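Participant: One structure is given below, represented as structure tokens, and several questions about it will come after.
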Ligand SMILES: [Fe+2]
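In our numbering, the protein residues as written are 28 to 393.
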């Protein structure tokens with residue numbers, strides 16, 4: 028009668044037929060949802076144990092139904108009602124709270140190179156991390172999932188993780204990079220800064236880190252955060268962190284007041300124009316998606332030229348840019364101060380992870 032997150036996400040990634048039925052109130056669903064799920068507005072009726080709560084739902088006879096709510100209680104009632112109708116129904120254990128850690132992967136097609144790039148997407152929060160593999164070794168950028176996910180993926184490709192990078196000190200999710208570096212024996216690279224209180228290898232503007240097949244170049248791009256850094260792979264692929272997205276730009280993070288937000292916005296303006304000076308065919312792979320990432324195997328990313336055409340804010344003057352950003356600043360991510368403190372201390376508080384990271388992603392300004 029129940030199914031866990033790992034099983035459901037594997038089914039979705041394998042394309043196995045399953046109907047996901049979301050029974051949360053519409054306002055909660057609007058925040059974030061499981062890609063491809065259907066919604067039924069039956070929350071109150073289910074809570075009231077109305078036996079006809081799901082009477083109007085057309086369920087398939089040839090595939091199982093997974094019911095979903097916020098924490099896995101109301102969905103249990105829904106699954107019981109469907110089961111009473113003879114439907115193979117299961118409730119998602121832990122609900123959307125647990126789904127926060129669900130992920131899928133997409134390989135980035137790269138022509139004429141033995142280097143492979145796999146985008147690992149934490150679908151609910153939209154956090155995008157990367158596994159760059161060549162020969163027998165792999166790099167990881169912006170690890171946002173449990174270390175085991177990256178260790179297993181690397182092993183399945185015959186890679187050993189040797190280096191782990193973060194593009195910035197994250198405020199919306201707990202970085203798993205330090206833990207991954209410890210577990211894999213990899214080196215930990217962070218942008219040069221004085222914020223974290225644990226040892227790391229510092230990447231400064233223009234620094235490169237190279238193996239025989241992979242060269243990563245650090246491009247310092249302050250704005251989203253003071254230390255934000257993009258990494259350029261073999262001069263062709265840009266891991267842009269939370270600085271530049273396919274259809275939007277980063278937000279100045281954690282500003283104390285509007286004056287600081289203005290200063291950060293001005294820095295971001297210069298950083299974005301530094302990126303725009305790269306070859307227009309550069310493939311930009313961001314650190315976040317704005318929507319829950321589908322289980323479609325299609326990487327989230329765009330060529331620099333496409334982004335330049337899409338994002339009008341890249342073509343306005345600095346003054347207009349700064350004013351527009353200050354006015355459009357979205358609310359700060361939930362729990363961002365505590366998450367930032369943990370990331371600065373390099374601590375992963377296992378028992379609190381889902382509480383701290385709850386909620387949708389709010390990293391971009393469009
Ligand atoms: Fe960020």
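The C-beta atom is built at its ideal place from N, Cα and C for all residues, glycine as well.
Being a predicted model, the structure only gives us computed values, none of them experimental.
Can you find a C-beta in chain B that's less than 8 Å from the C-beta of residue 260?
Facilitator: You won't find chain B in this structure, because it holds only one protein chain.
Participant: With a Cβ-Cβ cutoff of 8 Å, do residue 328 and residue 306 count as a contact?
Facilitator: Not in contact: residue 328 and residue 306 (Cβ atoms no closer than 8 Å).
Participant: Restricting to runs no shorter than 3 residues, where is the beta strand (DSSP E) found entirely within the stretch 217–259?
Facilitator: The stretch 217–259 contains these whole beta strand (DSSP E) runs: 228–230, 235–237 and 242–247.
Participant: Rounded to whole angstroms, what is the Cα-Cα separation between residue 45 and residue 171?
Facilitator: Rounded to the nearest angstrom, the two C-alpha atoms are 27 Å apart.
Participant: Pick out the complete beta strand (DSSP E) segments inside the stretch 305–332, 3 residues or longer, and give them in chain order.
Facilitator: Within the stretch 305–332, the complete beta strand (DSSP E) runs of at least 3 residues are 310–313.
Participant: Applying the 10 Å Cβ sphere with the 16-neighbour rule, what's the burial state of residue 262?
Facilitator: It is exposed - the Cβ of residue 262 has fewer than 16 other Cβ atoms within 10 Å.
Participant: Using 8 Å as the threshold, is the C-beta distance between residue 187 and residue 165 below it?
Facilitator: Yes, these two residues count as a Cβ contact at 8 Å.
Participant: Taking its Cβ as the centre, do 16 or more other Cβ atoms sit within 10 Å of residue 152, making it buried, or is it exposed?
Facilitator: When all chains shown are included, residue 152 counts as buried.
Participant: Measure from the alpha carbon of residue 211 to the alpha carbon of each residue in 178, 229, 354 and 30, then state which is nearest.
Facilitator: Ranking 178, 229, 354 and 30 by Cα distance to residue 211 puts 178 first.
Participant: Residues in its own chain within less than 7 Å of residue 215 by CB, not counting five upstream and five downstream?
Facilitator: Cβ neighbours of residue 215 beyond the five flanking positions: 191, 204, 205, 208, 227 and 228.
Participant: So what does residue 191 bridge to, in DSSP terms?
Facilitator: DSSP output for residue 191 lists 167 and 215 as bridge partner(s).
Participant: Any idea which residues DSSP pairs residue 134 with across the strands?
Facilitator: BP columns for residue 134 point to 145.
Participant: For residue 235, which residues from the same chain have a beta carbon less than 8 Å from its beta carbon, with the 5 sequence-adjacent residues on both sides left out?
Facilitator: Counting only Cβ-Cβ distances below 8 Å, and skipping sequence neighbours, we find 242, 243, 244 and 245.
Participant: Nearest to residue 85 by CA position, among 114, 103, 78 and 77, is which residue?
Facilitator: For residue 85, the nearest C-alpha among the options comes from 114.
Participant: Considering only the alpha carbon of each residue, which of 285, 342, 302 and 280 lies closest to residue 362?
Facilitator: Closest by alpha carbon: 280.
Participant: Strictly by DSSP, which residues pair up with residue 116?
Facilitator: According to DSSP, residue 116 bridges with 92.
Participant: Please classify residue 348 as buried or exposed, where buried requires at least 16 other C-beta atoms within 10 Å of its C-beta.
Facilitator: When all chains shown are included, residue 348 counts as buried.
Participant: So, does the stretch 296–303 touch the stretch 333–346, judging by three or more C-beta pairs under 8 Å?
Facilitator: The answer is yes - the stretch 333–346 touches the stretch 296–303, with three or more Cβ pairs under 8 Å.
Participant: Taking only the alpha-carbon atoms, compute the straight-line gap between residue 289 and residue 266 and give it to the nearest angstrom.
Facilitator: Taking the straight line joining both Cα atoms gives about 25 Å.
Participant: Among 173, 218, 176 and 350, which has the Cα closest to the Cα of residue 194?
Facilitator: Nearest C-alpha to residue 194: 218.
Participant: Is there at least one non-hydrogen atom of ligand 1 closer than 7 Å to the beta-carbon of residue 280?
Facilitator: Flag set: Cβ of residue 280 near ligand 1.
Participant: Have a look at residue 94 and residue 50 and give me their C-alpha separation to the nearest angstrom.
Facilitator: The straight-line gap from Cα to Cα measures roughly 7 Å.
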